[in-house]
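Heads up: the structure comes next, in structure tokens.
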Amino acid sequence: MSDDKFPGWHGTTIVGVRKGGKVVIAGDGQVSVGQTVMKGTARKVRRLSPGGMDVVAGFAGSTADAFTLLERLETKLEASPGQLARAAVELAKDWRTDKYLKNLEAMLIVTDGKDLFVITGAGDVLEPEHDITAIGSGGNFALAAGRAMMDTDKDAETIARDAMKIAADICVYTNGNLTVETIDA
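Position 68 of the sequence shown, counted from 1, bears residue number 68 in our numbering, the numbering being contiguous throughout.
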């Protein structure tokens, strides 16, 4: 999030892990303004079901902006049933070119159990190379921790939970109040 528009606002931490036929998206519940924790129980990981399709999405950034993007993603999924990649690319194109959308301050991690993507306002649809990705203030901490665990015998949910715990121990804008959603490949 740009500091000139939202001074003192800090995002969250969301991690997505694909391993062993499952994809897990986990997110913390902290919302901070400056040095103040405004809320510790926000739910930033959600299950979407456009047209009967099962998709899990996690967001970092402005909540209102993220909900706008989630609604747009659902619309794109309804127009392209069963095609998360196509819907994600269409959303990213709109986000990059639409006068209203390009001012939105959020990022998304989305999965249908098969694909795992990060969607950004810069027009990016990124698929992680190592079956793990993370966004938000503590995203780099969670990503590093999770990548270190990928070659262990831990399952996707354990890796996601442990990576979030490590991020919460390091990042002051991340807490240990998790929302975890799992989806089968």
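Yeah, the Cβ is synthetic: ideal placement off N, Cα and C, and Gly gets one too.
N- and C-terminal bounds of the alpha helix (DSSP H) containing residue i
i, result
"L91", "L84 to T97"
Coil, strand or helix - residue i by DSSP
i, result
"R47", "strand"
"M107", "strand"
"L178", "coil"
"F6", "Bear in mind that the predicted position of F6 carries a pLDDT of just 45, short of 50, making it too unreliable to give a figure here."
Sequence-distant residues of its chain with Cβ nearer than 8 Å to residue i (five each side left out)
i, result
"V37", "Q30, V31 and N175"
"S2", "In this prediction, S2 has a pLDDT of 42, which is less than 50 and means its spatial position is unreliable; nothing more can be read from the coordinates."
"L70", "R46, L48, A57, F59 and L108"
Start-to-end residues for the beta strand (DSSP E) that takes in residue i
i, result
"A134", "I132 to G136"
"L143", "Careful: L143 lies outside any beta strand (DSSP E), inside the alpha helix (DSSP H) at G139 to M149."
"D169", "First-last for D169: A156 to I170, but that is the alpha helix (DSSP H), not the beta strand (DSSP E)."
"L116", "L116 to I119"
Own chain, CB closer than 6 Å to residue i, minus 5 neighbours either side, in chain order
i, result
"L84", "D112 and D115"
Own chain, CB closer than 7 Å to residue i, minus 5 neighbours either side, in chain order
i, result
"L101", "D94 and W95"
Residue i and residue j closer than 8 Å at C-beta
i, j, result
"A88", "V125", "yes"
"T97", "V118", "no"
For the region 8-75, list the beta strand (DSSP E) runs that are entirely contained and at least 3 residues long, ordered along the chain.
-> 13-19, 22-27, 31-33, 36-39, 45-48 and 55-61
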